[in-house]
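Peer 1: Pasting a structure below so you can have a look.
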Amino acid sequence: MIPAEPNPILITCAKGLADLLRAEVEALGYEIDSQHETGVIITAGWRDVMRLNLHLRTAFNVLWLLKSFDCRSPKRLYNRVQTVPWERLIPPDGYLSVVSKVETPSVDNSMFANVRVKDAIVDRMNEIVGRRPDSGPERTGIVVNLYWKDHRAWLYLNTSGIKLSDRSYRKLPHDAPMQESLAAGVMLATGYDGTQPLLCPMCGSGTLAIEAALIAAGRAPGLLRTHFAFTQLKTHDEEVWQQLRREAQKLSRKKRPSAPIMASDLSAGAVQAARKNAMTAGVEHRIEFRICDFAETPVPDQPGLIVMNPEYGKRLGETEVLKETYRRIGDFFKQRCPGWTGYVFTGNLELAKQIGLSASRRTPFWNAEIECRLLKFELYRGSQRTPKGVATS
Ligand SMILES: C[S@@+](CC[C@H](N)C(=O)[O-])C[C@H]1O[C@@H](n2cnc3c(N)ncnc32)[C@H](O)[C@@H]1O
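Throughout, this note's numbering is defined as the position within the sequence shown, counted from one, plus 4.
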């Protein structure tokens, strides 16, 4: 059923990560057919689907296009979905979940579309094999995605299932953890490759430091996961999958040791969580942990990158307290880090002005619904505080 020949593949990501995802996909040797706000499309084969699931750091899902069709009613949707030979893909004792995004005048809610797609699949399986898979919202079995826009529908096999951003190492999240794919995107945007010393002085649950350590080790993030929806398919080729995993493991062993990575936080609980998460990710030996105020971070002589993710503050009282934190970040950069490159990831540009240094680059990102910026500060020796309010947005 799954053709050996190349097929359209949509790789999705969070808003703000598409350029980085594109670069990752190209670095793996694929040509991009088109790029969208939240993903890229390539044409490749089934082995590539597994490879992409294993290696991509900034992606959410790898979606294999089953068919696209003109669709102007729920009845048409049901009929077209029924033409796919599902019995060759889904084990009758499997588990099915459907995820829909609808922007069409034909239906006004995605739940209804989910049910129509699910009914079409299980009705066909009942007719042909006399049994149907269980279905529900969990993404632990076979996952089918529908995108229905205006009068066109696209039906995909979601080969990842649970989002690839869930690497499964973060057992202890602590406060306001960054999604793993976003943290990887932030580190890739800084140009980090493991050769520069790295300080993460507000590490929280350690996501930035852990993603950095995975990049430095050349370790495919998918090696950490045990679940991929494609392994649930009747057509799954375990031998090819294990061969791809072995190749990825070899690549990761080949990588040279990285420059030091230091992760610290004022909160002992955060550092404990970060250490535990790094252990689960298998990179704790690559990260030095410390409990301290960021201003007390030991700064090595050889300059590198400092990446900080302070709280953004939503309530007024918090904002007032945070003004002081952001002001102190500026002092820390200026007084303790000459020669380094500082990065601040924040969703509050008013607070960022308190840093008092002018950013040489402002890369837009989205953290869920919050528009954020990764601000880059070149901390030249002797760099001067700029007057308050100089544009950092
Ligand atoms: C937004 S969270 C960072 C989340 C982190 N990126 C993650 O993925 O888990 C901000 C962190 O800064 C820490 N923090 C706040 N003030 C600090 C200070 N003065 N020195 C060091 N860490 C501080 C907090 O304890 C919190 O863990």
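Heads up, the beta-carbon is just placed ideally off N, CA and C, and yes, glycines get one too.
1) Quick check on T61: buried or exposed, where buried means 16 or more other Cβ atoms within 10 Å of its Cβ?
2) With A274 as the anchor, note down where its alpha helix (DSSP H) starts and where it stops.
3) Out of E300, L355, V311, which one is the CA nearest neighbour of K318?
4) Helix, strand or coil, according to DSSP, for L21 in the structure here?
5) Using the Cα positions of P181 and R279, report the straight-line distance between them to the nearest angstrom.
6) CA-CA distance, K122 and H40?
7) Between D52, S362, E30, E251, which has its C-alpha nearest L383's C-alpha?
8) Less than 6 Å between C-beta atoms, sequence neighbours within five positions excluded: which residues of the same chain meet that for D128?
9) Taking the continuous alpha helix (DSSP H) assigned at K254, which residues delimit it?
10) Are the C-beta of G195 and some C-beta of chain D separated by less than 8 Å?
11) Please specify which runs of the alpha helix (DSSP H), each continuous and at least 4 residues long, are wholly inside the region 134 to 197, giving them in chain order.
12) Quick one: what's S209 bridged to in DSSP?
13) So, for R26: in the same chain, excluding its five sequence neighbours on each side, which residues have a beta-carbon less than 7 Å away from its beta-carbon?
14) Between G226 and S256, how many whole angstroms is the CB-CB distance? I'm expecting something under 8 Å.
15) With a 10 Å radius around its C-beta and 16 neighbouring C-beta atoms as the bar for buried, classify G20 as buried or exposed.
16) To the nearest angstrom, report how far apart G210 and H231 are at their CA atoms.
17) For a test of your reading of the model: does the CB of S209 fall under 7 Å from any non-hydrogen atom of ligand 1? Yes or no.
18) Comparing alpha-carbon positions, which option in K71, Q183, M115 lies nearest R372?
19) Rounded to a whole number of angstroms, what is the C-alpha to C-alpha distance between R120 and Y99?
20) For S110 versus R76, is the C-beta distance shorter than 8 Å?
21) Using a 10 Å radius around the Cβ and a threshold of 16 neighbouring Cβ atoms, would you call V325 buried or exposed?
Peer 2: Once the coordinates are examined:
1) What sits at residue 61 in the sequence shown is Arg, not Thr. It counts as buried.
2) 272 to 285
3) Closest option to K318, Cα to Cα, is L355.
4) coil
5) 14 Å
6) 27 Å
7) S362
8) Correcting the residue identity first, residue 128 is Arg in this sequence and not Asp. Hits under 6 Å: Q86, W90.
9) 242 to 258
10) Annotation note: the requested chain D is absent from the structure, which comprises a single protein chain.
11) 184 to 193
12) Looking at the DSSP assignment, S209 forms no beta bridge with any residue, so it has no partner.
13) I36, Q39, V44
14) With 8 Å as the limit, G226 and S256 do not qualify as a contact, their Cβ atoms being about 11 Å apart.
15) Around the Cβ of G20, a 10 Å sphere holds 16 or more other Cβ atoms; the residue is buried.
16) Computed Cα separation, rounded: 23 Å.
17) yes
18) Just to set this straight, residue 372 is Ala in the shown sequence, not Arg. With distances taken between Cα atoms, A372 lies closest to Q183.
19) Distance from the CA of R120 to the CA of Y99, rounded to the nearest whole angstrom, comes to 17 Å.
20) yes
21) exposed
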